[in-house]
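Participant: Heads up, the sequence shown is in the numbering used here, so the first residue is 18 and it goes up one at a time. All residues carry an ideal CB built from backbone N, CA and C; glycine is no exception. Questions regarding the structure given below will be posed in turn.
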Amino acid sequence: MKTARIVCSAIAIGVVSAAVAADWPQFRGPERNGLSKETGLLKAWPTEGPKLAWKATGLGESHTTISVAKGKIFGMGLVGEDEKIWVLDEKTGKSLWSVKIANKVELQARQGGNGSRATPTVEGDFLYTVGVAGDVLCMKVSDGSIVWRKHLVNDFGGRVPVWGYSESPLIDADKLVVTPGGQNAMVALNKKTGATIWKSPLRNGASYSSAQTAMVNGQKQYIQFLAEGVFGLSADDGKPIWNYTTPGGGQWRDINCSMPLYKDGMVFAATAYQKGGGLVKPGEGAAPEQYFLREMQNHHGGMVLVGDHIYGTGNNSLMCVEFKTGKIVWESRAPGKGSITYADGLLYVRNERGPVTLVEANPKEYVQKGQFEQPDRTREPAWAYPVVANGKLYIHDMDTLFCYDIKGGN
């Protein structure tokens, strides 16, 4: 189950700096917010959808959202009894290398299979990732050779979530930040050596979201949606500063997948299972709630903040919500429930059952600009996010990766 990381570009710090052109070097893009700065893309799709540039198969069972950097595509998958990192050529989809990182494990819940969930984070000559059972690795981009390895359970006392570890690691300056859960909810490691920099004293379970970096009240913090709610931790030592537990409560309190949104000192967080989303103003301790929107039951697919409006799926519909007030401007059931990415004024919405929809990021009304059915759909839910990089749209479905040409003027 893939999860999301969203941080306003105006306050993002410590992001991966090796991205060139319109690369997508980590989960949710260069600034981990699901927003692409690419322009010149198709403004509408033909009935059959955009042109398929290439298709790669044999990638293994996986819900991994890919990353794209320096002419290469990075992903993960369960191939037979082996969990592997694989790398493809960006232009052709041909395999460049594939390396085993762990043995197959049987997860507690069968839905979605036992394959990988994380997105590799690429910085310079190295990639960092988390295996479904908790293997944390630093590898060379050139050939996949392992530089160092840690384990969230064996080394830090973590506990594998029901659907497996789904976190995509965060790079912040010299730190690699990951979430074992348990007695030390989060840890910061030296990205070059894997040595422990700090272990957070916060006791909390790992869920299915991924951490983000933000300046909150003048202090650098890591914001993470854990099993019992959203927490802000000091980037210096991992000590908890504030929390917001309302979206993480209830019977299904540990199934929190989407990354919170941060802007202008405010945080919006949402989850599904009859919960919803709310806006808070972080300070110290329990953050005061500004509003709560039960309709925004965003599950696994994340949300994007474009200007002053949130776009995301909840209750099987795509919604546009005012960030500051919680007012629902519009909603449409046409795209259904799924994951979302923004580029060039448009929303790319991938329904977990298959269809991919192009929608204007229009804060006044719902305007659909195209929809197509992904071919060769598997029976598993489609949890991998759409990726827009260098004029291409990538749709990953378990064993197969589809690359579509979305550059305008073709």
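1. Got a sec, what are the start and stop residues for the beta strand (DSSP E) Ile345 sits in?
2. For Leu278, count the other beta carbons within 10 Å of its own beta carbon; 16 or more makes it buried, fewer makes it exposed. Which is it?
3. Alpha carbon to alpha carbon, what distance is there between Met415 and Arg394?
4. From Ala39 to Glu48, what does the alpha carbon distance come to, in whole angstroms?
5. Do the CB positions of Ile423 and Gln391 come within less than 9 Å of each other?
6. Does DSSP classify Thr358 as helix, strand or coil?
7. With three or more C-beta pairs closer than 8 Å as the rule, is the region 123 to 134 touching the region 73 to 80?
8. Compute the distance between the beta-carbons of Glu65 and Phe389, then report whether it is under 9 Å.
9. Is Gly425 helix, strand or coil by DSSP?
10. Going by DSSP in three states, Gly293 sits in which element: helix, strand or coil?
11. Between the Cα of Gly249 and the Cα atoms of Gly265, Trp347, Lys72, Ala231, which residue gives the shortest distance?
12. Going straight from the alpha carbon of Lys121 to that of Leu193, what length do you get?
13. Among the residues of its own chain, which have a CB less than 6 Å from the CB of Asn273, if the five just before and after it don't count?
14. Bridge partners for Trp103 per DSSP, in chain order?
15. DSSP three-state call for Thr330: helix, strand or coil?
16. Is the Cβ-Cβ distance between Leu154 and Ile102 less than 9 Å?
17. At a cut of 8 Å, does the region 159 to 175 reach the region 203 to 212 through at least three beta carbon pairs?
18. Pick from Ala378, Gln236, Gly425: whose alpha carbon is nearest that of Glu339?
19. Please go through the region 190 to 259 and give each complete alpha helix (DSSP H) segment of 4 or more residues, from N-terminal end onward.
20. Check whether the Cβ atoms of Gln229 and Ser251 lie closer than 9 Å to each other.
21. According to DSSP, is Pro264 helix, strand or coil?
22. Measure the C-alpha to C-alpha separation of Arg367 and Trp41 and round it to an integer number of angstroms.
23. If you drop the 5 nearest sequence neighbours on each side, which residues of the same chain put their C-beta closer than 8 Å to that of Gly426?
24. Confirm, please, whether the CB-CB distance from Gly331 to Gly371 is below 9 Å.
25. Out of curiosity, what's the CA-to-CA distance linking Met156 and Val373?
26. Kindly indicate the opening and closing residues of the beta strand (DSSP E) around Cys155.
27. Looking at the unbroken beta strand (DSSP E) that takes in Ser84, where does it start and where does it end?
28. Buried or exposed, going by whether 16 or more other CB atoms sit within 10 Å of the CB of Val24?
29. Check Asn120 in the structure and name its three-state DSSP category.
30. In three-state DSSP terms, what is Ile386?
31. Quick check: the Cα distance between Asn234 and Gly255, rounded to an integer number of angstroms?
32. Apply the 10 Å Cβ neighbour rule to Gln43 and answer buried if 16 or more other Cβ atoms are within range, or exposed otherwise.
33. When DSSP labels each residue in this structure, what does Pro398 get in the three-state scheme?
34. For Thr342, name the three-state secondary structure that DSSP assigns.
35. Sort Ser334, Pro257, Asp99, Val116 by Cα distance to Asn221 and report the nearest one.
36. Can you tell me the Cα-Cα spacing of Glu107 and Ile90, whole angstroms?
Facilitator: Reading off the structure:
1. 345 to 349
2. buried
3. 9 Å
4. 12 Å
5. no
6. strand
7. yes
8. yes
9. coil
10. Here Gly293 sits in strand by DSSP.
11. The candidate whose alpha carbon is nearest that of Gly249 is Ala231.
12. 25 Å
13. Ser224, Ser226, Phe242, Gly265, Thr288
14. Gly92, Ser115
15. strand
16. Cβ atoms of Leu154 and Ile102: closer than 9 Å.
17. Judged by Cβ distances under 8 Å, the region 159 to 175 makes contact with the region 203 to 212, as three or more pairs qualify.
18. From the listed residues Ala378, Gln236, Gly425, the smallest Cα separation to Glu339 is found for Ala378.
19. none
20. no
21. helix
22. Using only the alpha carbons, I get a separation of about 17 Å.
23. Gly57
24. No, these two residues do not count as a Cβ contact at 9 Å.
25. 33 Å
26. 152 to 157
27. 84 to 86
28. Any reading at Val24 must be qualified, since the residue scores a pLDDT of 35, below 50, and its modelled position is unreliable; no value is offered.
29. strand
30. Per the sequence shown, residue 386 should be read as Lys rather than Ile. Strand at Lys386.
31. 16 Å
32. buried
33. For Pro398, the three-state secondary structure derived from DSSP is coil.
34. Coil.
35. Pro257
36. 6 Å
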